[in-house]
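To convert, take the position in the sequence shown, counting from 1, and add 19; that gives the numbering used here.
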Amino acid sequence: MGSTGTLATHFLGAVVTQQADAQPVGVQEFLIVDGQQRLTTLQLLLDATAAAFAGRELAALTGQLEFLTHNSAMFLSADKPGLKLRHTNRDRIAFQEVMQAESPINYADLSHRDSLIVKAHEFFYGRVGKWLDEGPEPAPVRADALSVALQNALELVVIQLNASEDSQEIFETLNARGTPLTAADLIKNFVFQRLKLEGEDEERAYRDLWPFEAKFWEAEVSVGRYATTRSAVFLSQWLVSRVGKEISPRSTFTRFKFFVEHETKLSMVELLQLISDQAKTYQHLTERAADAHADLSRLELHMYRMGVAQVEITKPVVLWLTEPGARYSRPVVDRVIGMVESWIIRRRLLRLQSSDLGRIAADLVSMGRGAGESDVVDVVERFLTGQQYASTYWPADLEITSALATEHFYRRFSQPMQRLLLQAAEDWYRGYASPGVSKSGIRIFRDKQQVEHLLPRGWRTNWPVEGAADEADRDDHVHRLGNLTLLTGSLNASVSNSAWLGEKGKRAAVDRHDVFLMNRVVVARSVGGWDESLIDERTAELTKAFLETWSVPDGHEGKVIDRASRHSKATTGYPHLIAAGLLEVGATLVCTDGRWPDAKCEVLAGGQVLFLGKKYSSPAAAAREVRGGSVNAWFFWRVENGPWLNTLREQLLNGEGTGSGTDSGQSVAE
């Protein structure tokens, strides 16, 4: 309170409540849709302050605050505590214990003394007591001022919904940033409201069936650009697995409510039992996948790989295949998951768009749900091989082989994805290939091994070559798939960049780190050195490992009816022309501008060029040097006695060329 007698106020925010169905006797109940933490904290503060007042024999002030936290005995039934706020989660018992404790409170004697709820109450109790006793005014005067402030100076906006109103819509209206809101709390409120209407024991259902009050489910996970709780993600994925329709995070609650009211014949307790059982399976698979040294089943391995790849869209497929009472044997589940994973990984190898894959995964569930044990593999295979648009198709072997042959693998994939793919290659060397059986008996551990360049990135120090063309070729090979391997620990920088041969050379160092079969092969094949030809050979071999690990049905061609749409003028680069066979390394480019009739450059590997004895990163960089400023290189250069570069680009966009026409180059156009 200020010297003028005015009372400053503090705005605590908004609370959303929803009216529960009225009972014939007792107080009207409301479900808290939003603001649970805010109201819990406020109740703890009021009760702790009342306890501090009671300890100082301030009965009237104590009663005023208790009126805000406890209901009158006349309204209480025998089976319910007299608290105005009741929890239905794991904090319920601790909250009831501390809120009903007699003053003075001995917190050490409380059975839930380690609960954050109890600790918060004890904090408020201690701070209020200290403030009352240390001020210049007597404790009763200060207590009266504090009581007035708590009752009149704290402001809340309360949005009160009736039982039929859409609480999700209110949630989204309040959220001005457009961040997707977790559906877990909304679904929880709805579930327990239905349980009450069906006459079920809510506390027993919460205790025995509601699985989501644990750190595992409260952990934040990312879904695309959004972050939400794992429980909300699971509930959305579970719903997709039941209805076979793509569901956005923002519509999970309303779709769940519609499912309960119109699409299932199960009672709420039966439905909650089903959700609980599948949540336990989901948690088991997820935790097993996170164990780097566990001997994983095919399904657990899939969960690990999709976790690294940050792919959530296959989880509804997993939930569908493993739901209670599922009629699919483990070999059938493994085959279906193998095909789905191949579809995902092959598209990732080509770096194709993924925006439409969630819809396709949901459609796959819809198609597969009615299929029996003997039919489901064929149903899924026909569905995936039948995808013929660039946004959804299942790539075939030839396209991936062509793309990875010259792909700058190290630059194009994240470190976790590089590690995942190379781990799969190591498993292939050990005899694991889809559906394969290991010859060694154990897969590679899924530790964070180091991704090492065999030909070092700093190759110029100890790996010299003569001529700009050879330098460009070496630069173009250093980041290719065949030049990468896994090591259990990183090499010393001097060793990593040292020459290949010799007792102190890099080959010997790799051999010393050798716990992987892929490295034994490298060491055995490189007794005479490590060079571009061996990198190409190993690229082809590792690509084969990928293709056999993530196989496609025999004869699958990966046909796409809109193949040209994967390229555009904005994304096509000079290396794409080389990869498609439209521009040859060693070709001479001549200037089309009459002001520089003698300007010529030589095409090098990776889309680099040699101009006046100096190497440039692209024809565009050389054109800027000639002109002394920016220039459109597609029209500035043409092949000597041949077409303009722009003409070659148009041919590529029209699907011409001897290569795959995939996005396999190393840079985009300048």
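Using N, Cα and C, we set each Cβ at its ideal position, and we do this for glycine too. As the structure is a computational prediction, the values presented were derived from the model and not from experiment.
### Message
Run through the DSSP bridge pairs and tell me what T248 is partnered with.
### Response
Note: T248 sits in a beta bridge opposite E239.
### Message
Taking its Cβ as the centre, do 16 or more other Cβ atoms sit within 10 Å of G197, making it buried, or is it exposed?
### Response
With a pLDDT of 42 at G197, under the threshold of 50, the predicted position of this residue should be treated as unreliable, though the coordinate-derived value follows. Residue burial annotation: G197 is exposed, with fewer than 16 other C-beta atoms found within 10 angstroms of its C-beta.
### Query
So what's A33 in DSSP terms, helix, strand or just coil?
Of the three classes helix, strand and coil, the one that applies to A33 here is strand, per DSSP.
### Query
According to the neighbour-count rule (16 or more other Cβ atoms, all chains shown, within 10 Å of its Cβ), is N538 buried or exposed?
buried
### Query
Where do the N-terminal and C-terminal ends of the beta strand (DSSP E) with Q407 fall, by residue?
Run containing Q407: none; DSSP gives neither H nor E here.
### Message
Checking 9 angstroms against the spacing of the C-beta atoms, do Q468 and L503 come in under that value?
### Response
no
### Query
Along the chain, which unbroken stretches of the alpha helix (DSSP H) at least 4 residues long are found entirely within the stretch 271-306?
271-277
### Task
Flag this pair as yes or no: are the beta carbons of E331 and V242 separated by less than 9 angstroms?
Yes, these two residues count as a Cβ contact at 9 angstroms.
### Query
Are the beta-carbon atoms belonging to V327 and M358 less than 9 angstroms from one another?
no
#### Entry: R205 versus E237: straight-line alpha-carbon distance, rounded
Sequence check: residue 205 is Leu here, not Arg. Distance between the alpha carbons of L205 and E237: 15 angstroms.
### Query
How far does the beta strand (DSSP E) with E174 in it reach, from first residue to last?
173-180
### Task
Reducing DSSP to helix, strand and coil, say where T59 ends up.
When secondary structure is reduced to three states using DSSP, T59 falls in the helix class.
#### Entry: Unbroken beta strand (DSSP E) run spanning F49, endpoints
49-53
### Task
Please name the residue or residues paired with L671 in a DSSP beta bridge.
Its beta-bridge partners do not exist; DSSP assigns none.
### Task
Taking A559 as the reference, give the member of G501, T273, I597 with the closest Cα.
G501
### Message
Give me, in chain order, the residues of the same chain whose beta-carbon lies closer than 6 angstroms to that of F30; leave out the 5 immediate sequence neighbours on both sides.
### Response
E174
### Message
Distance check for A452 and A139, CA to CA, integer angstroms please.
### Response
Their Cα atoms are separated by approximately 55 angstroms.
### Query
Can G101 and H89 be called in contact, C-beta distance under 9 angstroms?
yes
### Task
Enumerate in chain order the residues of its own chain whose CB-to-CB distance from F143 is below 8 angstroms, with the five nearest sequence positions on each side excluded.
L63, L64, A67, T68
### Task
Let me know the beta strand (DSSP E) ranges lying completely inside the stretch 626-672, each 3 residues or longer, listed in chain order.
628-630, 633-635, 656-658, all fully within the stretch 626-672.
### Task
Kindly list the residues whose CB is nearer than 7 angstroms to the CB of L561, restricted to its own chain and excluding five residues on each side of it in sequence; keep chain order.
A444, L500, G501
### V542 - containing alpha helix (DSSP H), residue span
536-544
### Query
Which residue or residues does DSSP assign as beta-bridge partners of V514?
None, per the DSSP bridge assignment.
### Query
For E490 versus K634, is the C-beta distance shorter than 9 angstroms?
A Cβ-Cβ contact shorter than 9 angstroms links E490 with K634.
#### Entry: Start-to-end residues for the alpha helix (DSSP H) that takes in H472
Run containing H472: none in the alpha helix (DSSP H); it sits in the beta strand (DSSP E), 469-472.
### Task
Could you tell me how far apart the beta carbons of A39 and Q179 are, in whole angstroms, since I believe they sit closer than 8 angstroms?
Not confirmed; about 12 angstroms, so no contact.
### Residue(s) in a DSSP beta bridge with K619
V609
### Message
Let's test the definition: count the other Cβ atoms within 10 Å of the Cβ of A195 and tell me whether it reaches 16, buried, or not, exposed.
### Response
At A195, the pLDDT of 42 sits below 50, so the modelled position is not reliable; the number obtained from the coordinates is stated separately. A195 is exposed by the Cβ-count criterion.
### Message
Using only the alpha-carbon positions, how far apart do D375 and I580 sit?
### Response
16 angstroms
### Which of helix, strand or coil DSSP assigns to L80
helix
### Task
For H89, write down the residues that DSSP places opposite it in a beta bridge.
L102
### Query
With 16 as the cutoff for other CB atoms within 10 Å, does Y593 come out buried or exposed?
buried
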